[in-house]
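Peer 1: Got a structure for you, written out below as structure tokens; questions coming shortly.
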Amino acid sequence: MDTPAAPTPTSHFFTSLRTRLHYLDWGNPSAPPLILVHGGFDHARSWDWTARALCRDYHVMAVDLRGHGDSGWSSDGSYMMSSFVYDLAQMVDMIGSETVTIVAHSLGGSISLRYAGLYPERVAKLVAIEGLGLSPARLRERAEEAVVDKWREWIDLRRTILRKPGRRLATIEAAVERMRARNDHLSVEQALHLTIHGTNRNEDGSYGWKFDPCLRGWAPDMGADEELPHFWSRITCPVLLCLGADSWASNPVQDGRAAHFQDARLVEFANAGHWLHHDRFDGFIAELRAFL
């Protein structure tokens, strides 16, 4: 998979909960709208390969979640699931179409699945790449953890983040290496593209990631994964669940979560991790096109 070339998107902004949010528009406005929603600590340009593959058939738009990419940061460093879902609802309403198709990864999948459960009539089809949250086993483990301890750990982590300067990388090459360390399936070309669009240049010449450091360590009341089946069961559109065979994520068919959906199918990708849309791009696009 080479670094994406033309066509290129245009940048646009909208306001949600007093926050300026950025999204990319890949043109073709007369086609059915399709929204791409990235995962945590990522950005809209991570979808460039997917957007290029789909923009002839769809009006593709890729959003930067609040606190990510070129979107604004929360003034108090707070990132609640309700705010992310509100932002997506604002974007769908702004588009103005009766229905939209959504392709989402990780955190973006969790947001989109909640939205589709809240407004099932607005979503035509939904693809969730490892966006189901914690596995049932992990939820049981977390339920045994003391609530007070979780709150104290979050406060301590937040104080640590706010008291120290953001992580700085001396060169773009160092940033690329850190990107590849996070996902060893990435080629150098992929990692370079993701890094260029995911960093800012500091005054001293170093590089820093665009995402808000306060995104590290979700607040204890950010959004309960235990509630997710209530959203899933309300989704009426077809859902494609994607899983990387080498990922840490749990198989939703085997652990029972897929049974909460009215119309869902799982596709597992061999030789792929959590970012399977990068790791197995050709296979992912083939499954995506067939589903859409």
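Numbering (the UniProt record's numbering), first residue to last: 1 to 292. Glycine is no exception: its CB is placed at the ideal position from the N, C-alpha and C atoms. Given the structure is predicted, the values throughout are model-derived calculations rather than measurements.
#1: Does the segment 115 to 122 come within contact of the segment 82 to 93, defined as at least 3 CB pairs closer than 8 Å?
#2: Whether or not the segment 37 to 51 and the segment 189 to 197 are in contact is what I'm after, with contact meaning three or more pairs of Cβ atoms, one per stretch, closer than 8 Å; do they touch?
#3: Looking only at its own chain, which residues have a Cβ that is under 7 Å from the Cβ of glycine 198, when we skip the five neighbours before and after it?
#4: Helix, strand or coil: how does DSSP classify leucine 186 here?
#5: Expressed to the nearest angstrom, what Euclidean distance is found between the alpha-carbon atoms of arginine 18 and tryptophan 73?
#6: For phenylalanine 84, does the three-state DSSP call read helix, strand or coil?
#7: How long is the line joining the alpha carbons of lysine 150 and alanine 143, rounded to whole angstroms?
#8: Output yes or no for whether 7 Å exceeds the beta carbon distance between proline 9 and leucine 24.
#9: In chain order, which continuous runs of the beta strand (DSSP E) of length 3 or greater are located wholly inside the segment 209 to 287?
#10: Report all residues from its chain with a CB closer than 6 Å to the CB of histidine 260; omit the five preceding and five following residues, and keep chain order.
#11: Entirely within the segment 1 to 78 and at least 4 residues each: give me those alpha helix (DSSP H) ranges in chain order.
#12: Grouping DSSP H, G and I as helix and E and B as strand, with all else coil, what is threonine 199?
#13: Am I right that valine 127 and threonine 99 are in contact with their C-beta atoms under 8 Å? What's the rounded C-beta distance?
#14: Terminal residues of the continuous alpha helix (DSSP H) containing alanine 143?
#15: Taking Cβ to Cβ, would you say isoleucine 102 is nearer than 7 Å to valine 85?
#16: Check for me: the alpha helix (DSSP H) holding lysine 150 runs from which residue to which?
#17: How is the beta strand (DSSP E) around residue 381 delimited, first residue to last?
#18: Just to confirm before moving on: does the CB-CB distance between valine 239 and alanine 264 stay below 7 Å?
#19: Give the DSSP-derived three-state secondary structure of tyrosine 207 in the structure shown.
#20: So, is glutamate 189 buried or exposed, given that buried needs 16 or more other C-beta atoms within 10 angstroms?
#21: Bridge partners of isoleucine 102, per DSSP?
#22: One question on the structure: do glycine 40 and leucine 132 come within less than 7 Å of each other, judged by their Cβ atoms?
Peer 2: Quick answer:
#1: yes
#2: yes
#3: His43, Trp209, Lys210
#4: For leucine 186, the secondary structure class from DSSP, reduced to helix, strand or coil, is coil.
#5: 11 Å
#6: Of the three classes helix, strand and coil, the one that applies to phenylalanine 84 here is helix, per DSSP.
#7: Rounded to whole angstroms, lysine 150 to alanine 143 spans 11 Å at the Cα level.
#8: yes
#9: Segments of the beta strand (DSSP E) lying fully in the segment 209 to 287: 239 to 244, 264 to 269.
#10: In the same chain as histidine 260, and ignoring 5 residues on each side of it, the C-beta atoms closer than 6 Å to its own belong to Pro229, Trp232, Ser233, in chain order.
#11: Whole alpha helix (DSSP H) segments, 4+ residues: 48 to 54.
#12: strand
#13: Incorrect: roughly 15 Å between the Cβ atoms, too far for contact.
#14: That run of the alpha helix (DSSP H) goes 136 to 143.
#15: no
#16: 147 to 163
#17: Residue 381 is absent from the model: the chain starts at 1 and stops at 292.
#18: yes
#19: If DSSP states are grouped into helix, strand and coil, tyrosine 207 belongs with the strands.
#20: Within 10 angstroms of the beta-carbon of glutamate 189 lie fewer than 16 other beta-carbons, which makes it exposed.
#21: Ile35, Leu126
#22: no
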